[in-house]
Amino acid sequence: MSFFGLDCVRKKERELERKLRANDREYNLSFKYATNAIKTSKYNFFTFLPLNLFEQFQRIANAYFLFLLVLQVIPQISSLSWFTTVVPLVLVLSVTAAKDATDDINRHRSDNQVNNRKAQVLIDRKLRSEKWMDVQVGDIIKLENNQFVTADLLLLSSSEPLNLVYIETAELDGETNLKVRQALPVTGDLGDDIEKLADFNGEVRCEPPNNRLDRFTGTLTYAGQKYPLDNEKILLRGCTLRNTEWCFGLVLFGGPETKLMQNCGKSTFKRTSIDRLMNVLVLCIFGFLAFMCSILAIGNWFWEVNEGSQFTVFLPRQDGNDAAFSAFLTFWSYVIILNTVVPISLYVSVEIIRLGNSFYIDWDRKMYYPRSDTPAEARTTTLNEELGQIKYVFSDKTGTLTQNIMTFNKCSINGKSYGDVYDYSGQRLEISEHTDTVDFSFNPLADRRFTFHDHALVEAVKLENPEVHAFFRLLALCHTVMAEEKKEGELFYQAQSPDEGALVTAARNFGFVFRSRTPDSVSIVEMGQQRSYELLAILDFNNVRKRMSVIVRGPEGKLSLYCKGADTIIYERLHQSCSKLMDVTTEHLNEFAGEGLRTLALAYKDLDEEYFNQWKQRHHEASTALDDRESKLDELYEEIEKDLLLLGATAIEDKLQDGVPQTIEQLSKADVKIWVLTGDKQETAENIGYSCNLLREEMTEVFIVSGNSPEDVREELRNARTSMKPDEVDSVFLPERSLVKGVKVIPDEVVNGEYGLVINGHSLAYALERSMELEFLRTACMCKAVICCRVTPLQKAQVVELVKKYKQAVTLAIGDGANDVSMIKAAHIGVGISGQEGMQAVLSSDYSFAQFRFLQRLLLVHGRWSYLRMCKFLRYFFYKNFTFTFVHFWYAFFCGFSAQTVYDEWFITLYNLVYTALPVLGMSLFDQDVNDAWSFQHPQLYVPGQLNLYFSKKAFFKCALHSCYSSLVLFFIPYAAMHDTVRDDGKDVADYQSFALLTQTCLLFAVSIQLGLEMSYWTAVNTFFVLGSLAMYFAVTFTMYSNGMFLMLPSAFPFIGTARNSLNQLNVWLTILLTSTLCVLPVVIYRFLLIQLCPTINDKVMFKVRQAKATPPPPPRRTRIRRTSSRRSGYAFSHAQGYGDLVTSGRFLRRPAVSRSSGFPHAGRTTMGFSPMGRSAGYSPTGRPQNAKVPDVEVTSLQMYRTITDPTL
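Straight run, no breaks: the sequence shown in the numbering used here ends on number 1263.
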């Protein structure tokens, strides 16, 4: 359950600028800003019944049945009793109303939970506890540690030095690393002084409510001065305050106007493609019904003119009733009789089937995640069959494909690789939960969650190998991490990215503990010795430099530069003496990259004191220059960062969720195209793309689109397209004007080879422009995989909408944060990942579960079965009802078009409700062509759903023709069999009632046998339903046609004795046998020839299953050969500029740390509460418990390069 509402924004006049004054409710109320209350419910006690009925009667079918009911109460045209329509209609309306009421009650509860949370609000110079819904724009609120932010606030002051606060934005963007916000100095001076805060009367003018999470512009006017406001001073609703005792904030936006709610997008009622097709078909059926009734009305007119006049002697017409008026009444009478072409029970059955298949998802133990006690949940019951037709999957990265946990896995130091475990014969061992971990008991400051398996590295540290010490010293010094130590020895690191935290944590465990920092010093504990380094400069990271450096003076006075960054960047700046070491390290880097690890090279150099003083003077001049400041600084950085000495490389695993590569591979085999839409930078996204098998080394080419102008982007897209289809000319691109009259569907294009596409956010903005969107879509759809980097939440939704608009395909979006909500709502189906990253996406989703890997089961098993069952149900349902109705049509030609029914009235009422309801429901709830194991072994079984092969207009037309044939057999065979026939005792058998009984019995046997042919999977329940329904028919028939029922209500039960008189005749049963055989014989022959001549993928797999005659063994585990790769990830320091300026400015400072000791006692420490957290360090910036599962590492034949040995070992 989230603490926030989810629904769309209230419509009001467009706001151009927001003006507000602190502590002045009267002034702020004049603008009629939204309060902080949230309303997602649709009804209240008084509006439920009228609104719900109004919504239900907007459905064509419900309105149609209400119209039929009105017709049936008109005596002149009613040929059926009113209860045949009222009972099913009331049942449908009641079931749907109950479902809607339950959903709305849950929404009310969610709203109340959110709106009634408490917040401390400054009112009348006192802090009062108020409900969230009573908070208003302009109020000042106090937040405390670990509390959710109530509304969008301007940060005024905090408990931390220099008014910093730390926030977690997982609810907004799925990222668990903490972010820093800082108040203006002028408001920071207010502190927590209630009197000063109550006197604060600053005025804010800022942008109107919008959904941009990463941007804010405004100004604060206070004490005659104007101060600029940006995103770094804003706390958004949905964030959580962390590691900050308290802070005060001014409410800028409340409730539906907060950025969290603005990102929720518009809630749209989603309908499946089968629903939309059904609407079209129902309209066609109505048209066909009118056509049949017109034919019969015209027939009645001819009959009345030619034959009816002969009956007027003993059946005189009422005054004014001529043949034309009789034909008019007959038309409406036949509308009533033939209404069973679209029975109301169709809609009842559809709702029951969808509900049942939703329960299967909820109950599936294989989609339950025990670690977080999270089952899968079908949050809607109307979209199940659409899960079997997905063509495009749009996925977020952080928190969806990955766990957002970085782990220090391996490293290469001075040409020696560490991280793998070997046996006595030198064979590489597979690391598992039972593999011995390194004992860090020698280090009392070690992080107990950190695990590492290669004992050689810790031995090298203990033996004081100088290169190993220099390696970890660099990791402990070269970063912008902030340390917090509330208790002696309990260190908490606040890192701007999980990568940084993982590296500093690794150094900490191997004896080089970063402990504290000031703006001009860094204190670390080196193997038990407290040492302080003077911090002289930070050469910060950015996306162009792809490296960061620090210049420090050691306790001995030695000047050193430590640098870490992307290996390609570092290698360009190395001294030529490192060439041999570069070759060895490159081989290690290739191996690390081949395993999908994020690599980073480390280097250092010693500096000359005199040179550094000159450089520092020039650096000061450049940093204060007004013109070209950045380029001047870059030149200085380039100058000093050269002739470096290589130390080694690190390999960090951005931990994928379990089973992600296998899931993507399975979905790819099912011809599902996966697009990753992420806010991460390009290198990070590419790296994850390779590690999760979305991008592969074997691909023909991976295109990078990163143009900075529309012309560049267009050129890059065309070049990519030309590479994929060299013989194609540019004229295939449709000009914009060709789409004016209507949207055209772009067909799929076949290319030779497999391609990938990676496009940047700024390039995507140009690609989504109307003049270029088709070009982008065509190029992207030719690729096997697409990754869009640095995209905004709005762009995610735009990409989904683009595919929905021009591709006749079903889309699915999956994400975990508020930045994914608009994408989830835009797609045909939205899936939310419920995990540590927040619940906002789950609340807006149609389906939710805890792990990405469950998506393959949702689609390939539940989705495919649901689609298959629904299509079988519709085909069979239309068949049995068309057959039932067409018999009436043929009978009309033999009863003078008098609108007499061919069946008993009770049979008409019970046919869909009792006699044929349960068998078809049994098939629709339990049928499966193959089980889940075979579904996973043959993902190609999913493809027919994408192509709409099981139910379409063509399939419907075939069904109508089949029904027409069956109805002809069902009417004329019994008619011919009973014509001029006598009973065994010589009495006449051919009366109306006996014929009606024979026809309806033949019909029931024929449709039951047809159901048996449709069913692939017989269960005890199905068998009971089919045989039980037939038994029920005979029991009810003999009861209703008994003497007792006739004596009780003669007018309601006129068929006295018909059953026992007819069904004891042998020729009646022979007629039933002949009719049933003739009905199903063409179907059996057609299916036999189809399977023999052009079998479908289903036929082939079902044949395999029959051959196996048992559940197949689990698929063999594939051994993945360790591969090397020349492609390596750009190390993700962060998604933005580094914190170097913040570190050196002193604005980051926290409270003074507690006094600490630096000695390393050698006695073993207790390991109480220690639990292995995987192969290596599980760094989590929020200190949450990490994933305890150890992923498998495949044994490979390639041995690690170990030719260089350190003499000290």
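Note that beta-carbon positions come from the ideal geometry of N, C-alpha and C, so glycine has one too.
Buried or exposed: where does residue i fall if 16 or more other Cβ atoms within 10 Å of its Cβ makes it buried?
i	result
Ser633	exposed
Leu70	exposed
Leu1147	exposed
Gln711	buried
Val799	exposed
Arg163	exposed
Ile221	buried
Tyr446	buried
Ser1234	At Ser1234, the pLDDT of 42 sits below 50, so the modelled position is not reliable and the matter cannot be decided from this model.
Pro609	exposed
Tyr1046	exposed
Val305	buried
Tyr472	buried
Is the beta carbon of residue i sitting closer than 7 angstroms to the one on residue j?
i	j	result
Gly442	Gly917	yes
Tyr691	Leu593	yes
Val854	Ile813	no
Val146	Val402	yes
Ala561	Phe526	yes
Ala657	Leu698	yes
Ala705	Leu651	yes
Gly702	Ile444	no
Val431	Ser95	Here residue 431 turns out to be Glu, not Val, going by the sequence shown. Taking 7 angstroms as the Cβ cut-off, Glu431 and Ser95 do not qualify as a contacting pair.
Leu343	Leu409	no
Looking at C-alpha atoms only, which residue of the options is the closest neighbour of residue i?
i	options	result
Ala88	Met826, Gly308, Met1156 and Phe382	Gly308
Thr204	Arg585, His1016 and Val189	Val189
Leu856	Phe526, Glu823, Met977 and Lys180	Glu823
Pro801	Asp78, Ser763, Ala676 and Lys859	Lys859
Leu1051	Asp900, Phe1088, Glu641 and Arg585	Phe1088
Ala851	Asp501, Leu207, Leu897 and Asn873	Asn873
Val864	Leu975, Cys949 and Asn1002	Asn1002
Ala152	Ser387, Asn106, Leu1057 and Asp284	Asn106
Val389	Val915, Pro142 and Leu123	Leu123
Lys470	Leu455, Asp493, Lys451 and Ala510	Ala510
Glu808	Cys843, Ile288, Glu829 and Met753	Met753
Lys879	Phe448, Phe100 and Phe202	Phe448
Arg266	Ile1110, Thr846 and Val997	Thr846
Thr738	His673, Val714, His816 and Lys600	Lys600
Val598	Val558, Pro104, Cys1056 and Ser685	Ser685
Asn82	Leu143, Gly192, Leu913 and Ile159	Gly192
Would you mind giving the Cβ-Cβ distance between residue i and residue j, rounded to the nearest angstrom? I have them listed as a contact below 8 angstroms.
i	j	result
Ala895	Val875	6 angstroms
Asn966	Ser348	Actually they do not touch by this definition, with Cβ atoms about 25 angstroms apart.
Cys260	Arg72	5 angstroms
Asn255	Asn90	Going by Cβ atoms, the distance from Asn255 to Asn90 rounds to 21 angstroms, so no, they are not a contact pair.
Ala117	Phe111	5 angstroms
Val885	Ser898	In fact, because the Cβ distance is near 10 angstroms, the residues do not count as touching under 8 angstroms.
Asp986	Val1036	Actually they are not in contact, since the Cβ atoms of Asp986 and Val1036 sit about 58 angstroms apart, beyond 8 angstroms.
Gln720	Gln910	5 angstroms
Asn1152	Asp1034	Actually they do not touch by this definition, with Cβ atoms about 48 angstroms apart.
*Hey, is the region 417-425 in contact with the region 833-842, meaning 3+ C-beta pairs nearer than 8 angstroms?*
no
_Under 8 angstroms, with one C-beta from each stretch per pair, do the region 1097-1110 and the region 1029-1037 reach the 3-pair mark?_
no
*Do the region 1010-1026 and the region 450-463 meet, that is, are 3 or more Cβ pairs less than 8 angstroms apart?*
no
*Does the region 656-663 touch the region 614-622, meaning 3 or more C-beta pairs lie closer than 8 angstroms?*
yes
*Do the region 1078-1093 and the region 968-988 touch if we need at least three Cβ pairs shorter than 8 angstroms?*
yes
*Is the region 766-775 touching the region 479-494, taking contact as three or more C-beta pairs under 8 angstroms?*
no
*Taking three-plus beta-carbon pairs below 8 angstroms as touching, is the region 1057-1068 in contact with the region 1134-1154?*
yes
*Are the region 339-356 and the region 374-386 touching, with three or more C-beta to C-beta distances below 8 angstroms?*
yes
*Okay, do the region 926-940 and the region 1002-1015 touch, 3+ Cβ pairs below 8 angstroms being the bar?*
yes
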